[in-house]
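What follows is a set of notes on a single structure, which appears directly below.
Numbering (my numbering), first residue to last: 42 to 258.
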């Protein structure tokens, strides 16, 4: 379970984008089931204005867990790709830190049951060693249960063939769907505008016809 406050350096190069906070709130609104739950607080190991670090660190954790929850069953991706999908490509290690602190508590919004942590491997497809001695074997077993072939290398490492099981979309499916909805709305607006233009043309034609009849009289 996550401690009440953690010190984590989220940024070796730059601060977490403020847009990450807003995206996290939108994702939370879509995924929240039941009454709102308290979001764990975090401290960033950087000098910042009071309150800013906590919001951004919590947003980063939320964005990571939300992105991982979109990985399909039977597929895997890398820490680096998750970092890139949420707009922080320089932070693959921090993605690993988030998974390290993934709560066991089933009452938490994000926990070992709601976040398919086993679907994240390193950039070479290798299951990264963890603090718990059986964690690597557990991850391999969970992936095999999903139909993913896990092989053992010459040094004893367990790995997945990314060319066969890799999942590397340019954007998260949830964000891609949002873009599709916006395009449909835009198309609808264009069709409505075109219809109004046609109505205007019809009215103009009727006015011309009436005027011509009056002139003939």
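Backbone N, C-alpha and C define an ideal beta-carbon position, used for all residues, glycine too.
query: Given a threshold of 16 other Cβ atoms within 10 Å of its Cβ, counted over all protein chains shown, does residue 164 qualify as buried or as exposed?; result: exposed
query: Tell me the start and end of each unbroken alpha helix (DSSP H) in the stretch 142-198 that is at least 4 residues and wholly inside, in chain order.; result: 176-186
query: Run through the DSSP bridge pairs and tell me what residue 119 is partnered with.; result: 162
query: Helix or strand or just coil, what does DSSP make of residue 78?; result: Any reading at residue 78 needs caution, since the residue's pLDDT is 47, under 50, leaving its predicted position unreliable; the model's value is listed next. In the structure shown, residue 78 sits in coil (DSSP, three-state: anything other than H, G, I, E or B).
query: Just the Cα atoms here: how many angstroms apart are residue 114 and residue 101?; result: 23 Å
query: For residue 212, count neighbouring Cβ atoms within 10 angstroms of its own Cβ and tell me buried if that reaches 16, exposed if not.; result: exposed
query: Which same chain residues end up closer than 6 Å to residue 121 when comparing Cβ atoms and leaving out the 5 residues on each side of it in sequence?; result: 133, 164
query: For residue 201, name the three-state secondary structure that DSSP assigns.; result: strand
query: How should residue 194 be labelled, buried or exposed, when 16 other C-beta atoms within 10 angstroms of its C-beta is the threshold for buried?; result: exposed
query: Below 8 Å on the Cβ atoms is my guess for residue 156 versus residue 123; work out the distance and round it to an integer in Å.; result: That belief does not hold up - the Cβ atoms of residue 156 and residue 123 are roughly 11 Å apart, past 8 Å.
query: From the DSSP output, read off the bridge partner residues of residue 207.; result: 117
query: Rounded to whole angstroms, what is the Cα-Cα separation between residue 86 and residue 151?; result: Bear in mind that the predicted position of residue 86 carries a pLDDT of just 37, short of 50, making it unreliable; the figure below should be weighed with that in mind. One C-alpha to the other measures close to 23 Å.
query: Buried or exposed: which applies to residue 107, given that a residue is buried once 16 or more other Cβ atoms fall within 10 Å of its Cβ?; result: buried
query: Can you say whether residue 96 is buried or exposed, counting buried as having 16 or more other CB atoms within 10 angstroms of its CB?; result: buried
query: Mapping DSSP to helix, strand and coil, what is residue 129?; result: coil
query: For the candidate residues 182, 129, 189, whose alpha-carbon lies nearest to that of residue 117?; result: 189
query: Taking 7 Å as the limit between beta carbons, can you name the residues of its chain near residue 214, skipping five residues before and five after?; result: 111
query: Give every residue of the same chain whose Cβ lies closer than 7 Å to the Cβ of residue 170, excluding the five residues on either side of it in the sequence, and list them in chain order.; result: 177
query: Kindly list the residues whose CB is nearer than 7 Å to the CB of residue 208, restricted to its own chain and excluding five residues on each side of it in sequence; keep chain order.; result: 112, 113, 116, 117, 118
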